[in-house]
Amino acid sequence: MTSEFDLIARHFTRPTRHTVLGVGDDCAIVQPSARHALVVTTDMLVAGTHFLPDTDAERLGWKTAAVNISDLAAMGAQPRWITLALSLPAVDEHWIAALARGFAECSEAYGVDWIGGDTTRGPLNLCATAFGEVEVGGAIRRSGAHAGDDIWVSGWPGLAALGLRHLLDGTPLDADWRDTCVEALERPQPRVALGLALRGVARAMLDVSDGLAGDLAHILERSACGAVLDEAALPLAHAQAACGDAALAQRCVLAGGDDYELLFCAAPDRRDAITAISKQLDLPLSRIGTCVAPPGLQLRQRDGAIVALPPRGFDHFA
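Going by the numbering used here, the first residue of the sequence shown is number 13, and it counts up by one from there.
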């Protein structure tokens, strides 16, 4: 019978590059760089809540690492180390090998050492903890937005939500976009390079995990300001091309979640710098609105009317 320690040795022990001591002792040992602070995040993925039970194991492994690495990107941190704790209802060597392969592939793609974790028997649940470094005082927090700041978002949010709708209820998607949407859901790409490039440029930032409007509300709350989004400036083109429904595309962009794009605020005088970053990274960055002094989130419609925008987002306990 395969033991817990056999599983760890066979699937969860990987070479490290910038770690003092990795898997094998009671703890790992890491050494942050001089004049750097340690940034730590934990994200849990639970079967039936965060992923469908039949999700490909390798993609699930990738996503488990990716969503944690994305949190580090959202603070302008350099990802360095990650651990994985998981409970498994049974030992399926083929499934575990694929999960570990995906987790390791994502970690290695972003220069992250996999330094430990834990396994136990129980309902399928994966919990990673990621560690990064940022110069002392250099982290980009949620609380730095000012009235008058531009609001930006990276990439093409909404595709992951369309992929989920397609898998759940068969929402029809254009054949040329179907795989792209499902891959956006199951294999997100953390915007690490963008997060690093925005240090000293963005004043507030987070990653879009629960929906653009809902996540923007977190920045507004912490920064004690409001915002007006511009409907005409939302990056809807890809979502609309994928589903052929303008209203559905807009709902997915504003409230879909699982995008792991970066949503950030910056002073208007940083527009040229942000445009240069967009070109350098070959990554679309859309200026979608403005921070304002009065609290609340509003949408300027294409006809110029301004309406209240509910900060809809995924809530684990709603």
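We put the CB at the ideal spot given by N, CA and C, even for glycine.
Quantities reported herein were computed from a predicted structural model and do not represent experimental measurements.
Unbroken stretches of the alpha helix (DSSP H), 4 residues or longer, contained in the segment 92-179: 105-121
Proximity winner among Thr31, Thr67, Asp219, Asp257, relative to arginine 154 (alpha-carbon distances): Asp219
Out of Thr95, Asn137, Leu275, Ala214, point me to the one whose CA is closest to glycine 36's CA. Thr95
Reducing DSSP to helix, strand and coil, say where alanine 196 ends up. helix
State yes or no: is the C-beta of alanine 85 within less than 8 Å of the C-beta of glycine 207? yes
Going by C-alpha distance, which of Gly150, Cys277, Leu179 is nearest glutamate 198? Leu179
Serine 99 and leucine 136 closer than 8 Å at C-beta: yes
Evaluate contact between the segment 169-177 and the segment 186-201, counting only Cβ atoms and requiring at least three cross-stretch pairs below 8 Å. yes
Check for me: the beta strand (DSSP E) holding arginine 234 runs from which residue to which? From DSSP, arginine 234 is part of no beta strand (DSSP E) but of the alpha helix (DSSP H) over 224-235.
Can you have a look at serine 45 and say buried or exposed, based on whether 16 or more other CB atoms are within 10 angstroms of its CB? exposed
In chain order, what are the residue ranges of uninterrupted beta strand (DSSP E) at least 3 long that sit wholly in the segment 31-61? 48-58
Would you kindly report the start and end of the unbroken beta strand (DSSP E) that includes arginine 203? Looking at the DSSP string, arginine 203 is not in any beta strand (DSSP E), and its letter there is neither H nor E.
What residue range is occupied by the uninterrupted beta strand (DSSP E) comprising threonine 302? 297-304
What do you get for alanine 254, buried or exposed, if any count of 16 or more other CB atoms within 10 angstroms of its CB means buried? buried
Residues sharing a beta bridge with glycine 238, DSSP: Val304, Gly308
Given aspartate 270 as reference, the closest of Ser221, Leu176, His250 once Cα atoms are compared: Ser221
Since I believe aspartate 162 is in contact with alanine 278 (beta carbons under 8 Å), could you give me their beta-carbon distance rounded to a whole number of angstroms? 6 Å
Inter-residue spacing [alpha-carbon to alpha-carbon] between phenylalanine 326 and cysteine 264: Low local confidence applies: a pLDDT of 43 at phenylalanine 326 is under 50, so the model's placement there is unreliable, with the coordinate-based value given in what follows. So the two alpha carbons sit approximately 12 Å from each other.
Would you kindly check if the distance between the Cβ of phenylalanine 276 and the Cβ of tryptophan 126 is under 8 Å? no
Within 8 Å, do at least three Cβ pairs link the segment 233-249 to the segment 102-113? no
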